[in-house]
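Scroll down for the structure; my scribbles are underneath it.
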Amino acid sequence: MHSLRIRYEPSEGSMMIDVSTIYSLELVQNLRDPKSRDCLFGLLNETLTPMGARLLRNNVLQPLTDPEMLNTRYAAVDDMTKKEELFFATRAALKNFLDADRILTALIVTPNKVTLQTTEQAINQVIMLKQFVHSVNPIFEALTGTSATMLNNVRELCAPENVAPVQELIDIVINEDTIYARQPLELRNQRIYAVKSGVNGLLDVARTTYKEATEDAYQHSTELSREAIYFLRK
């Protein structure tokens, strides 16, 4: 009989906290009310993006121990606290950010079978990618004037030339005014009119038919409504 020895080790430059300590110190969850924000993570979490919340949670559970990295982050925080315009401009730029991790992960996954649902999801992902690419440049502009090494590195990653190739590919096919919507009906309309006219002739014909059918249905419902009001008033 063979056995395998497993040893848990923290990531390089960080420390590991055991589960019982995480629980007793209420690092990510309140002991009395699991839904309460009264825990270390809940009190610290002023993030504006899902990626930021995940990163904060990881840092609470696995605190950094690398002095160089800690000092780099301290310098970034110090720069933000001393320059209010930089701080508020960065937060404003982050508000429109979607979950980039989720988008990029979904884009590299190929469905085993192409269905209506997978096709709709693919269109959603392209629309989300378009909005993500548009959200990068405001970060680049917001971080102008920072003296912190970490923030400068982020600014370099967000430079327009880094996202320009992706932006150009999207602009060839997707309409400029297409944005991601959270409401199902609005998102459906965004999907229908996402692709520019002239890219696919069959799609253009289908959209025209859909538009005419929608207008006819709206006109018919309006007439029925007027008739109902007329009979109620008699």
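According to the UniProt record's numbering, the sequence shown is numbered sequentially starting from 1.
Beta carbons: idealized from backbone N, C-alpha and C, even for Gly.
For this session: Give the DSSP-derived three-state secondary structure of Val-195 in the structure shown.
Result: Here DSSP, grouped into helix, strand and coil, assigns Val-195 to strand.
Exercise. Would DSSP call Ser-14 helix, strand or coil?
Worked result: Ser-14 carries a strand assignment under DSSP once its states are collapsed to helix, strand and coil.
Problem set entry | Secondary structure of Ile-174, DSSP reduced to three states | Reduced to three states, the DSSP call for Ile-174 is strand.
Problem set entry | CB-CB length for Asn-137 against Pro-165, believed under 8 Å | The Cβ separation is near 14 Å, so there is no contact.
Exercise. Cβ of Gly-145 within 8 Å of Cβ of Thr-65?
Worked result: Not closer than 8 Å, so no.
For this session: State the CB to CB distance for the pair Asp-79 and Leu-70, rounded to an integer number of angstroms; the pair is presumed to be in contact (CB under 8 Å).
Result: Not confirmed; about 15 Å, so no contact.
For this session: For Phe-41, I'd like the list of residues in its chain whose CB is within less than 6 Å of its CB, leaving aside the five on either flank, ordered along the chain.
Result: The residues are Val-28, Arg-57 and Val-60.
Exercise. Can Val-205 and Ile-174 be called in contact, C-beta distance under 8 Å?
Worked result: Here Val-205 is not near Ile-174, since their CB atoms are 8 Å or more apart.
For this session: Provide the residue span of the alpha helix (DSSP H) that contains Arg-54, from first to last.
Result: From DSSP, the alpha helix (DSSP H) with Arg-54 extends over 50-61.
Exercise. Which residue from Phe-97, Arg-155 and Val-126 puts its Cα closest to that of Pro-50?
Worked result: Checking every option, the nearest Cα to that of Pro-50 belongs to Phe-97.
Problem set entry | Collapsed DSSP secondary structure at Leu-27 in the structure displayed | Residue state, collapsed to three classes: coil.
Exercise. Looking at the unbroken alpha helix (DSSP H) that takes in Gly-145, where does it start and where does it end?
Worked result: Counting along the chain, Gly-145 falls outside any alpha helix (DSSP H), and DSSP gives it neither H nor E.
Exercise. Do the segment 176-195 and the segment 120-135 make contact, defined as three or more Cβ pairs closer than 8 Å?
Worked result: The segment 176-195 is in contact with the segment 120-135.
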